[in-house]
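Chains as they are written, first to last, in the working numbering: chain B, 1 to 132; chain H, 133 to 438.
Take a look at the structure:
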């Protein structure tokens, strides 16, 4: 199905599963998935190497398969970037799917600066994470 | 109901293992059967009991009696003990042939232990409960799901209507009942369907005497890795459809809906519950309503104390 694309072993297993699940969820045939926004562009983009195509395809299918989760992950990334530019502190989730109540702040000396953004952090998924 | 009798080799009673970071209540599990015949598609027992065989009932109750005496007997026994007899099988499906209910009732009469026993069911098989002496020591809890879920995933169970009728009858007999909204399956109609359950419960006067409601538990569907794999391999339409939602790996190695999805579900059902169940004492609300097998942060997100 995907010529000139390099996927790692794990990536290909996941891509295969996600394609099946997306097809079932959207009640469309696998071939139609290739027509979904973005996928066709990746497949036809001659500037991308096979590895780049593989990574991009993997990430896009993940977003299609997990729209809510990936949406919140993107929001977190965006907020973390914003805070980094303002304070120089990097924010990291110990669990990428938010199954914990902590956010790691590095370096720790920047904690007081990051705490100023607590309200924005809390409203991200309506939670009260501990900054560590 | 077809089953075989067998002698239990290892212990009947085991402390329940909640899993990493899961809020626990220190309950014990009574394992009197090898499996459950109801055949719910999502049940974790399908992953545990890999061989297909007829359920076996362990009937060496003399050994169970010794374990119970050791655990909660009058001498050196634990206080305020909670024993769940519905974790490894349906508590009532084998009655009256299994005789476990009668045995437990007689044990309580004899030893007067500081013990509460939860009998959890998806059936309406309650005649054996009528003649029990120690009704105040038993909580009869019913797993409740919308009829659409029952039709699709719970083939051998009683209908919602029958379960609710049985619940009401249990209350009339003098028992406290437990509502177990488990497993909650995410669907577009979810809130409408749970509202319907509460409306029917209300019509059947189940909320009329709040003191006859022991507790209300909520739990979204959760999966072991093994069961997910099994369902994928089976390839059934209904099973595969269940797995199409957004599940993530939790600290206890079970898969659950992504945090935002399940917190949203819990909050909305909790709000519905507060509309229907008038628990006058504010302490009752936090004591009686709980989340089953969820980490502390989900309780916090839902505004519940633990």
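Heads up, the beta-carbon is just placed ideally off N, CA and C, and yes, glycines get one too.
*asked:* If you measure between the beta carbons of residue 326 (chain H) and residue 430 (chain H), is that distance less than 7 Å?
replied: For the purposes of this step, residue 326 (chain H) is taken as residue 194 along the second chain, with counting starting at 1. For the purposes of this step, residue 430 (chain H) is taken as residue 298 along the second chain, with counting starting at 1. For residue 326 (chain H) and residue 430 (chain H), no; Cβs fall outside 7 Å.
*What in chain B is Cβ-close to residue 376 (chain H), meaning under 8 Å?*
Position 244 of the second chain holds residue 376 (chain H). Around residue 376 (chain H), the beta-carbon contacts reaching into chain B at under 8 Å are 21, 24, 25.
*With a cut-off of 8 Å on the beta carbons, I'd call residue 349 (chain H) and residue 263 (chain H) a contact; round off their distance for me.*
Indexing the second chain from 1 puts residue 349 (chain H) at position 217. Indexing the second chain from 1 puts residue 263 (chain H) at position 131. Taking 8 Å as the upper bound for CB-CB distance, residue 349 (chain H) and residue 263 (chain H) are not in contact here, some 28 Å apart.
_I'd like the ranges of any alpha helix (DSSP H) spanning at least 4 consecutive residues and lying wholly in the segment 203 to 278 of chain H._
232 to 243
_Rounding to the nearest angstrom, what Cα-Cα distance links residue 152 (chain H) and residue 40 (chain B) in this structure?_
Along the second chain, read from residue 1 onward, the residue named residue 152 (chain H) stands at position 20. Along the first chain, read from residue 1 onward, the residue named residue 40 (chain B) stands at position 40. Approximately 43 Å, taken between the alpha carbons.
*Is residue 391 (chain H) close to chain B, meaning its C-beta is less than 7 Å from at least one C-beta of that chain?*
The count along the second chain starts at 1 and reaches residue 391 (chain H) at position 259. Yes, residue 391 (chain H) lies at the interface with chain B (some Cβ there is under 7 Å from its Cβ).
*Distance, residue 125 (chain B) Cα to residue 380 (chain H) Cα*: Position 248 of the second chain, counted from the first residue, corresponds to residue 380 (chain H). Position 125 of the first chain, counted from the first residue, corresponds to residue 125 (chain B). For residue 380 (chain H) and residue 125 (chain B), the distance between alpha carbons rounds to 16 Å.
*Please decide whether residue 125 (chain B) counts as near chain H, where near means a Cβ-Cβ distance under 7 Å.*
Locating residue 125 (chain B) in the first chain gives position 125, where the first residue counts as 1. The beta carbon of residue 125 (chain B) falls within 7 Å of a beta carbon belonging to chain H, placing the residue at that interface.
*Are any of the Cβ atoms in chain B nearer than 7 Å to that of residue 384 (chain H)?*
Residue 384 (chain H) sits at position 252 when you count from the first residue of the second chain. Closer than 7 Å: no.
*Could you tell me if residue 130 (chain B) is buried or exposed, where buried requires 16 or more neighbouring beta carbons within 10 angstroms of its beta carbon?*
Taking the first residue of the first chain as 1, we reach residue 130 (chain B) at position 130. Exposed, since its Cβ has fewer than 16 Cβ neighbours within 10 Å.
_8 Å contact criterion, which residue 75 (chain B) and residue 102 (chain B) should meet: CB distance rounded_ = Here residue 75 (chain B) corresponds to residue number 75 of the first chain, with the count starting at 1. Here residue 102 (chain B) corresponds to residue number 102 of the first chain, with the count starting at 1. Incorrect: roughly 18 Å between the Cβ atoms, too far for contact.
*Spatially closest choice to residue 314 (chain H) from H:200, H:352, H:135, H:199, by CA coordinates*: As a working mapping, residue 314 (chain H) is identified with position 182 in the second chain. Comparing Cα positions, the closest option is H:352.
_Counted within 10 angstroms of its Cβ, other Cβ atoms place residue 86 (chain B) as buried (16 or more) or exposed_ = Residue mapping note: residue 86 (chain B) aligns to position 86 of the first chain, counting from 1. Exposed, since its Cβ has fewer than 16 Cβ neighbours within 10 Å.
*Under a CB-based cut-off of 7 Å, is residue 433 (chain H) close to chain B?*
As a working note, residue 433 (chain H) is residue 301 in the second chain. Yes, residue 433 (chain H) lies at the interface with chain B (some Cβ there is under 7 Å from its Cβ).
*Compute the Euclidean distance between the alpha carbons of residue 150 (chain H) and residue 235 (chain H), then round it to the nearest angstrom.*
The residue labelled residue 150 (chain H) in the question sits at position 18 within the second chain. The residue labelled residue 235 (chain H) in the question sits at position 103 within the second chain. Approximately 27 Å, taken between the alpha carbons.
*Does residue 60 (chain B) come within less than 7 Å of chain H when only Cβ atoms are used?*
Residue numbering aside, residue 60 (chain B) sits at position 60 when the first chain is read from its first letter. It does not: the Cβ of residue 60 (chain B) has no partner Cβ on chain H nearer than 7 Å.
_Could you tell me which whole alpha helix (DSSP H) segments of length 4 or greater appear in the segment 282 to 366 of chain H?_
For the alpha helix (DSSP H) assignment, the uninterrupted runs of no fewer than 4 residues enclosed by the segment 282 to 366 of chain H are, from N- to C-terminal side, 292 to 305, 322 to 335, 357 to 366.
_Under 8 Å: do the segment 156 to 173 of chain H and the segment 216 to 234 of chain H share three or more Cβ pairs, one atom per stretch?_
yes
*Would you call the CB atoms of residue 390 (chain H) and residue 69 (chain B) closer than 7 Å?*
Walking along the second chain from the start, residue 390 (chain H) turns up at place 258. Walking along the first chain from the start, residue 69 (chain B) turns up at place 69. Closer than 7 Å, so yes.
*Evaluate residue 251 (chain H) with the Cβ neighbour count: other Cβ atoms within 10 Å of its Cβ, from every protein chain shown; 16 or more gives buried, anything less gives exposed.*
As a first step, residue 251 (chain H) must be located in the second chain, where it is residue number 119. With 16 or more other Cβ atoms within 10 Å, it is buried.
*Would you decide whether residue 245 (chain H) is buried or exposed? Buried here means 16 or more other CB atoms lie within 10 Å of its CB.*
Position 113 of the second chain holds residue 245 (chain H). Residue 245 (chain H) is buried by the Cβ-count criterion.
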